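Q: The opening position of the sequence shown corresponds to residue 3 in my numbering, with each subsequent residue numbered one higher.
Every residue gets a Cβ at the ideal spot worked out from N, C-alpha and C, and that includes glycine.
Please read these numbers as outputs of a predicted model, since none were measured by experiment.
Dumping the structure here so I can ask a few things about it.
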Amino acid sequence: MWWICSCCSIATIWNSATRATTWARIEPDMLLLRLSLRLPLLLAWLLVGAGLGLLWRARLGRTWYDSRSGRALVRGWMARLGRILGLRVTVKGQPLSTALLVANHISWLDIPALAARVPGRFVAKAEVRHWPLLGWLAELSGTRFLRRNSLAGMRVLLEQVTRDLEAGRPCLVFPEGTSTDGSRVGPFFPALLQTAITAAVPVQCVAIRYGDGRRRDEQAPFIDDDVFVRHLLGILGRGHTRVELHFSPPLQSLGLSRHFLAARCRGWIASRLGLEAQPGAGMGQSSGNQRRPPSAATDCIGQA
């Protein structure tokens, strides 16, 4: 029976790849060549990450990812993952070693792009835990999970992020609570900004852009009803994906309100990217470019 399952899996991958080809406008022969090289390498690298994570946990305990060697391991692993995915990242500015980093959210590709450069902690929606292999890897590396639309879950998350910041561990949040197509910066949920105020640490904005600076990449965003496997195959099948990360100077949070911080960060990111910040900083605001349903939490807050 195993060979039947294998054939079905191959057929599913090829069908998805063919549909992704139309979406990504890639020649089928080139797509097949790149997938034949990158897909096995990606699967192998995921297994390597699982093995290394288990080894480090056996040596250093469940919180191995908070150790210096653990942080270096995750950052190095994410950097190689980004290269396998074809990411070409340009960094402007310097990430802070202790801060709440606040970024706009466009794609799941934001995570490997940032995690290779920010030695912080990730928090993801609870559904990520159930993703095959990736969810287990996320849990193994210390990712915190939040039950969406749960006020109790949000309170727990805020306490955890505050403790991380107080302990000197940077955290990165996506306060839009959803991914956009990159043409605008959506309203920010201000609750997560309270963690920086409570922990008395600075806030650093991170502006993310896909493209070459002159033209926005319309294939990188993960929005609408995009299917993850199809999107992944499209990314693997193209030559490369250009990403720009702009880090702001530190913004002191002491004495400020979370609503002011949310508006300030959103304005800086929009200005840096030459985009329009949509009106409204708090929950309950909607946007035509916010394609995924907003929740009480972030889609992803990251760890490296």
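#1: Starting from Phe262, trace the alpha helix (DSSP H) both ways and give me its first and last residue.
#2: Using only CA atoms, which one of Glu246, Ser250, Pro30, Cys207 lies nearest to Gly213?
#3: Give the single residue among Ser185, Thr65, Arg211 whose Cα lies nearest to the Cα of Arg123.
#4: Report the partner residues of Gly1 according to the DSSP bridge assignment.
#5: Out of Ala222, Val104, Gln254, Leu234, which has the shortest C-alpha to C-alpha gap to Phe191?
#6: Is the separation between the beta-carbon of Arg260 and that of Ala202 shorter than 8 Å?
#7: Spatial neighbours of Leu44 within its chain, please: C-beta separation below 6 Å, excluding the five flanking residues on both sides.
#8: Considering Val120, what are the terminal residues of the beta strand (DSSP E) in which it resides?
#9: Going by the CB atoms, is the gap between Val158 and Val125 shorter than 8 Å?
#10: Would you check if the distance between the CB atom of Ile210 and the CB atom of Asp183 is smaller than 8 Å?
#11: For Met32 and His233, what's the separation of their Cα atoms in angstroms?
#12: According to DSSP, is Leu35 helix, strand or coil?
#13: Could you tell me the distance, in whole angstroms, from the CA atom of Glu141 to the CA atom of Met80?
#14: Give a yes or no on whether the C-beta atoms belonging to Val205 and Leu256 are separated by under 8 Å.
#15: What does a CB cutoff of less than 6 Å around Val187 pick up in its chain, not counting 5 residues either side in sequence?
#16: Go to Val245, then tell me how far its beta strand (DSSP E) extends in each direction, as first and last residue.
#17: Just the C-alpha distance for Gly155 and Asp166, rounded to the nearest angstrom, thanks.
#18: So Leu102 is in the beta strand (DSSP E); what residue range does that whole segment cover?
#19: Could you have a look at Phe230 and say whether DSSP puts it in helix, strand or coil?
#20: Out of curiosity, what's the CA-to-CA distance linking Asp68 and Glu178?
#21: Less than 8 Å separating the beta-carbons of Ala264 and Ser109?
#22: Tell whether a beta-carbon distance below 8 Å holds between Ala198 and Leu102.
#23: Please go through the same chain and pick out, in chain order, the residues whose beta-carbon is closer than 8 Å to the beta-carbon of Asp227, but skip the five residues on each side of it.
#24: DSSP three-state label for Gln206, please.
A: Let me lay it out:
#1: In the sequence shown, the residue the question calls residue 262 occupies position 260. First-last of the alpha helix (DSSP H) with Phe262: 260 to 275.
#2: Position 211 of the sequence shown, counted from the start, is the residue given in the question as residue 213. Nearest option by C-alpha distance: Glu246.
#3: The residue given as residue 123 occupies position 121 in the sequence shown. Here the closest residue by C-alpha is Thr65.
#4: Any answer about residue 1 is impossible in this case: the structure gives the chain only from 3 up to 306.
#5: Here residue 191 is taken as the residue at index 189 of the sequence shown, counted from 1. Closest option to Phe191, Cα to Cα, is Val104.
#6: Residue 260 sits at position 258 when you count from the first residue of the sequence shown. Residue 202 sits at position 200 when you count from the first residue of the sequence shown. Taking 8 Å as the cut-off, the Cβ atoms of Arg260 and Ala202 do not count as close.
#7: Working through the sequence shown from its first residue, we reach residue 44 at position 42. Cβ within range, chain order: Ile86.
#8: As a working mapping, residue 120 is identified with position 118 in the sequence shown. Looking at the DSSP string, Val120 is not in any beta strand (DSSP E), and its letter there is neither H nor E.
#9: Here residue 125 is taken as the residue at index 123 of the sequence shown, counted from 1. Here residue 158 is taken as the residue at index 156 of the sequence shown, counted from 1. Cβ atoms of Val125 and Val158: not closer than 8 Å.
#10: Locating residue 210 in the sequence shown gives position 208, counting from the first residue. Locating residue 183 in the sequence shown gives position 181, counting from the first residue. Result no, Cβ atoms of Ile210 and Asp183 do not sit closer than 8 Å.
#11: Here residue 32 refers to the residue found at position 30 when the sequence shown is read from its first residue. Here residue 233 refers to the residue found at position 231 when the sequence shown is read from its first residue. Using only the alpha carbons, I get a separation of about 17 Å.
#12: Position 33 of the sequence shown, counted from the start, is the residue given in the question as residue 35. Helix at Leu35.
#13: For the purposes of this step, residue 141 is taken as residue 139 along the sequence shown, with counting starting at 1. For the purposes of this step, residue 80 is taken as residue 78 along the sequence shown, with counting starting at 1. If you take the alpha carbons of Glu141 and Met80, they lie about 15 Å apart.
#14: By one-based count along the sequence shown, residue 205 stands at place 203. By one-based count along the sequence shown, residue 256 stands at place 254. No, they are not a contact pair.
#15: Looking up residue 187 in the sequence shown gives position 185. Shown here for Val187: same chain residues with a beta carbon closer than 6 Å to its own, the five before and five after excluded, namely Asn106, Arg268, Ile271, Ala272, Leu277, Ala279 in chain order.
#16: Your numbering for residue 245 matches position 243 in the sequence shown. Start and end: 243 to 249.
#17: Start at 1 with the first residue of the sequence shown, and residue 155 comes out as number 153. Start at 1 with the first residue of the sequence shown, and residue 166 comes out as number 164. So the two alpha carbons sit approximately 17 Å from each other.
#18: Residue 102 sits at position 100 when you count from the first residue of the sequence shown. Run containing Leu102: 102 to 105, per the beta strand (DSSP E) assignment.
#19: Here residue 230 refers to the residue found at position 228 when the sequence shown is read from its first residue. Three-state result, Phe230: helix.
#20: Translated into the one-based positions of the sequence shown, residue 68 becomes position 66. Translated into the one-based positions of the sequence shown, residue 178 becomes position 176. Their Cα atoms are separated by approximately 27 Å.
#21: Here residue 264 corresponds to residue number 262 of the sequence shown, with the count starting at 1. Here residue 109 corresponds to residue number 107 of the sequence shown, with the count starting at 1. In this structure, Ala264 sits away from Ser109, with a CB-CB distance that is not shorter than 8 Å.
#22: Looking up residue 198 in the sequence shown gives position 196. Looking up residue 102 in the sequence shown gives position 100. Yes, Cβ-Cβ distance for Ala198 and Leu102 is below 8 Å.
#23: As a position in the sequence shown, residue 227 is number 225, starting the count at 1. So no residue of the chain qualifies.
#24: Working through the sequence shown from its first residue, we reach residue 206 at position 204. Gln206 falls in the strand class under three-state DSSP.
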